[in-house]
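Here the protein sequences line up with chains X and P, keeping their order.
Following our numbering from start to finish, the first sequence increments by one per residue and tops out at 470.
Following our numbering from start to finish, the second sequence increments by one per residue and tops out at 470.
A virtual CB, placed ideally from N, CA and C, is assigned to each residue, including glycine.
Have a look at the structure below before the remarks.
2 protein chains.
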Amino acid sequence: MTTGRVAQRRAATRAAILDAAWELAHESGLGEIGMRPLAAKLGMAASSLYEYFSGKDAIYDAMFIQGNEALRDEYRHLRDADKTNPREVLIDAARRFIEFCDADHARFQLLFQRSIPGWQPSAEAYAIAVANLEEMRGHMAYIGIADDASADMWTALTSGLASQQVANDPGGDRWLRLVEEAVDMFLTTRGVDE
Amino acid sequence: MTTGRVAQRRAATRAAILDAAWELAHESGLGEIGMRPLAAKLGMAASSLYEYFSGKDAIYDAMFIQGNEALRDEYRHLRDADKTNPREVLIDAARRFIEFCDADHARFQLLFQRSIPGWQPSAEAYAIAVANLEEMRGHMAYIGIADDASADMWTALTSGLASQQVANDPGGDRWLRLVEEAVDMFLTTRGVDE
DNA sequence: GTCTATACACCGATAGAC
DNA sequence: GTCTATCGGTGTATAGAC
Chain X
277 MTTGRVAQRR AATRAAILDA AWELAHESGL GEIGMRPLAA KLGMAASSLY EYFSGKDAIY
337 DAMFIQGNEA LRDEYRHLRD ADKTNPREVL IDAARRFIEF CDADHARFQL LFQRSIPGWQ
397 PSAEAYAIAV ANLEEMRGHM AYIGIADDAS ADMWTALTSG LASQQVANDP GGDRWLRLVE
457 EAVDMFLTTR GVDE
Chain P
277 MTTGRVAQRR AATRAAILDA AWELAHESGL GEIGMRPLAA KLGMAASSLY EYFSGKDAIY
337 DAMFIQGNEA LRDEYRHLRD ADKTNPREVL IDAARRFIEF CDADHARFQL LFQRSIPGWQ
397 PSAEAYAIAV ANLEEMRGHM AYIGIADDAS ADMWTALTSG LASQQVANDP GGDRWLRLVE
457 EAVDMFLTTR GVDE
């Protein structure tokens, strides 16, 4: 499993391409990533990009994976945290999720909205997103909320708060500051004591 | 204010173009509307489209307006309904909104997600969307929920339910059936008796 | 008004030389 | 691996016949 120097070089170039793609996404919008501008940013010919990615869709796919890995790392904090207080766990989870979404609008669009015409994540990429959802369900089960309806209500509540925050008050806290209230509201109808 | 025969003919052609655009959006996706395919669907030359719309963005704009007018019509049912029972009003509003979103995925993307690269609704088009939000806030004020935080919580809750329903169970009821529970949850923390 | 024809600048993708 | 050249497509625009 030793990655040779060639493979390392290849991986480094792939990483550089993805970094430049994120830059373009932040500058001009997620949908405005073009192969030629992307190549220009890296000082290479557009056709050379196809040496590292099979096409534009594969670049979006790799970005989708990177974004979900970042979310997974965010959830790792939950795993390591003290989980004796369900209310605190959920508040922490919701805050982290909303802040994660608001921190990078392009990433939010890529991960949670179907924002690129004609593009869909590959099965492999989607699997990571599913694993993240499963991790969140695991945390909820741990604090005593295990039924499907509650999990669905939680995803609706947190994704709603996040999407409103990102779309209507980016960088602010108009919905972020509703997290405590939302969690209390959620818990009081769930038979879990605070 | 009498619209002459020429103006009527013009309006009819404009409407036909928008109908064809919606068809294309349903067939191939909202972002895949092309001027040449659109013209072909209507049996006209692509250049003739510019006689009726200044460009592709103007077509998206007109579609955005049509979508928001449809939502406004949906809210008219609320205005005409018996509003003595707050719980029933909110359940009806949430159900109608989720069903409205799920009924037309392309319309949902256009109205509530920034799904077309580089496109934004014009100020005139956006005003209708704002008016719809105001109408919803008016209904909530009528049943005794007037504070901003509650209105924000309501938009987060309903938009979250709708987006989850559309994205993860289109045509189904996995989140739609949570509406009663969501409304009860919302009301019990709002000091409004059922 | 609507058509054809043409032009421009861009796009993703590919072929083939080096 | 990287390049140049090219293909067919796009949105947009214009000229000019009917």
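Within its own chain, no residue has a Cβ closer than 7 Å to the Cβ of Ala316/X once the five positions on either side in sequence are excluded. One alpha carbon belongs to Trp298/X, the other to Ala292/X, and they sit about 10 Å apart. Assignment of alpha helix (DSSP H) within the segment 361-409 of chain X, counting only whole runs of 4 or more residues, yields 362-379 and 381-388 in chain order. With respect to chain P, the C-beta atom of Asp460/X has a partner C-beta closer than 8 Å. By the Cβ neighbour-count rule, Arg355/X is exposed, with fewer than 16 other Cβ atoms within 10 Å of its own. Exclusion of the five residues before and after Arg413/P leaves Ala427 as the residues of its chain whose Cβ lies within less than 6 Å of its Cβ. Distance between Gly280/X and Ala288/X, taken at the CA atoms: about 12 Å.
Proximity to Met339/P across Ala458/P, Val442/P, Ala432/P and Ile392/P peaks at Ile392/P, based on C-alpha coordinates. Note that the segment 357-377 of chain X touches the segment 407-422 of chain X; at least 3 beta-carbon pairs, one per stretch, sit closer than 8 Å. Comparing C-alpha distances from Ala417/P to each of Phe373/P, Val406/P and Lys359/P shows the shortest one belongs to Lys359/P.
Classified as buried, His415/X has 16 or more neighbouring CB atoms from the shown chains inside 10 Å of its CB. A Cβ-Cβ contact shorter than 8 Å links Gly436/X with Ser435/P.
If you look at Asp449/P, you'll find it isn't in any alpha helix (DSSP H); DSSP assigns it neither H nor E. Here Arg285/P is exposed, its C-beta having fewer than 16 other C-beta atoms within 10 Å. Chain-order list of chain X residues neighbouring Glu457/P: Ala425, Met429 and Thr465, by C-beta distance under 9 Å.
For Gln342/P and Leu387/P, the gap between their C-alpha atoms comes out near 10 Å. The DSSP-derived three-state label of Lys359/X is coil.
Counting along the chain, the unbroken alpha helix (DSSP H) around Arg285/P starts and ends at Arg281 to Ser304.
Where Glu456/P is concerned, the enclosing alpha helix (DSSP H) starts and stops at Val455 to Thr464.
The three-state reading of DSSP puts Asp423/P in coil, since its state is none of H, G, I, E or B. In terms of CA proximity to Asp349/X, Glu411/X leads the group Pro446/X, Val282/X, Glu411/X and Gln441/X.
Listed along the chain, the chain P residues whose CB falls inside 8 Å of the CB of Pro393/X are Gly305, Leu306, Gly307, Glu308, Ser391, Ile392 and Pro393. The Cβ-Cβ distance between Glu457/P and Met429/X falls below 8 Å.
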